[in-house]
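First comes the structure, then the notes that go with it.
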Amino acid sequence: MIRVQREDFDVGAELAKLAAGRTDIGGLASFIGLVRETTDAGDLTAMTLEHYPGMTEKRLGEIEAEAMRRWPLAGALIIHRYGRLLPGERIVLVATASLHRQAALESCQFLIDWLKTKAPFWKLEETAAGSQWVAARDADDHATARWRKP
Amino acid sequence: MKLLYFAWLRGKLGKSGEELTPPAYVTTVAELLDWLATVSPAHKAALADRRAVRVAVNQDYAGPEHPVRPGDEIALFPPVTGG
Numbered sequence: 443m444i445r446v447q448r449e450d451f452d453v454g455a456e457l458a459k460l461a462a463g464r465t466d467i468g469g470l471a472s473f474i475g476l477v478r479e480t481t482d483a484g485d486l487t488a489m490t491l492e493h494y495p496g497m498t499e500k501r502l503g504e505i506e507a508e509a510m511r512r513w514p515l516a517g518a519l520i521i522h523r524y525g526r527l528l529p530g531e532r533i534v535l536v537a538t539a540s541l542h543r544q545a546a547l548e549s550c551q552f553l554i555d556w557l558k559t560k561a562p563f564w565k566l567e568e569t570a571a572g573s574q575w576v577a578a579r580d581a582d583d584h585a586t587a588r589w590r591k592p
Numbered sequence: 003m004k005l006l007y008f009a010w011l012r013g014k015l016g017k018s019g020e021e022l023t024p025p026a027y028v029t030t031v032a033e034l035l036d037w038l039a040t041v042s043p044a045h046k047a048a049l050a051d052r053r054a055v056r057v058a059v060n061q062d063y064a065g066p067e068h069p070v071r072p073g074d075e076i077a078l079f080p081p082v083t084g085g
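Next up, the structure:
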């Protein structure tokens, strides 16, 4: 399931919902991305996430479908926020559920790696020095390339 | 043709989008960007470094040879930085 929203989410409630009523889930993996204060340009005061309504949901849905194809998952959830966020706030939740832990853990990492380089979101960082759009990182591209099929 | 601009492209162009009618010889993404750079000094400045610009046609990522047609929704944005 995919959600792109301005408001915060309750991690415990979301994970409970993903597993509710199921008895075929042996492992539930999750990743939570937070706004960190430290940046290359100095201490962050806020971060604004911009997205492309329509395309963002579409790409996230495709990325989730790819994970479902590659791993035997009982369920998956991606919640990504947009708007102006302060240090310490939650940005993204990725959760995957499977019969066994390996599929859940691997697919969770796959989803966050792919999301970072394929989903249309852009980060604007605010520091004492002003506002600056975050440049894409080569390290993220490499993390995505790791999952490319031979 | 509906053009959409995101992140610093929106900032440089001073708008989040516009409706434009390119000349008939514009049939690919690359030709569209070449033409778009001639529309105004702001467009030229925004498209100065073409490698920094990504394009989506009707909400799918599109390379330079991808066709563009009247009525398409074309989005221009920098490489994505979500997560």
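Line by line, the protein sequences give chains A and B.
The numbering used here puts the first residue of the first sequence at 443, with every later residue one more than the last.
The numbering used here puts the first residue of the second sequence at 3, with every later residue one more than the last.
Glycine residues also receive a C-beta, built at the ideal position from the N, C-alpha and C atoms.
Closer than 8 Å to the CB of B:P25 there is not a single CB belonging to chain A. Under the three-pair Cβ rule at 8 Å, the region 516 to 527 of chain A counts as touching the region 448 to 458 of chain A.
Within chain B, G85 have C-beta atoms less than 7 Å from the C-beta of A:I554, given in sequence order. The way I'd put it, the region 504 to 513 of chain A doesn't touch the region 575 to 587 of chain A; fewer than three beta-carbon pairs between them come closer than 8 Å.
At a beta-carbon threshold of 8 Å, the residues of chain A lying near B:A9 are E492, W564, L566 and W575, ordered along the chain. Setting aside the 5 residues that flank it on each side, A:T480 is surrounded in the same chain by L486, each with a C-beta closer than 8 Å to its C-beta; the list follows chain order.
Excluding sequence positions up to five before and after B:G19, its CB lies within less than 7 Å of the CB of K4, L5, L6 and Y7, all in the same chain and listed in chain order. Counting of Cβ neighbours within 10 angstroms places A:A471 among the buried residues, the total reaching 16 or more. The beta carbons of B:L11 and B:A48 sit about 5 Å from each other, so the pair counts as a contact at 8 Å. Per DSSP, the beta bridge partners of A:H493 are A:F563. Along the region 71 to 82 of chain B, the positions whose C-beta sits under 8 Å from a C-beta of chain A are A77, F79, P80, P81 and V82, read in chain order. Annotated three-state conformation of B:P69 is strand, per DSSP. If you draw a 10 Å sphere on the C-beta of A:E492, you find 16 or more other C-beta atoms in it, and that means buried. Judged by DSSP secondary structure, A:L457 falls within the alpha helix (DSSP H) whose first and last residues are V453 to A461. Of the candidates A:G517, A:D555 and A:L535, A:G517 places its Cα closest to the Cα of A:L541. Counted as a single uninterrupted DSSP element, the beta strand (DSSP E) harbouring B:V59 occupies residues R56 to V59. Taking 8 Å as the cut-off between beta carbons, the residues of the region 520 to 553 of chain A near chain B are H522, I533 and V534, in sequence order. Annotation: B:P72 to A:G463 spans about 49 Å, alpha carbon to alpha carbon.
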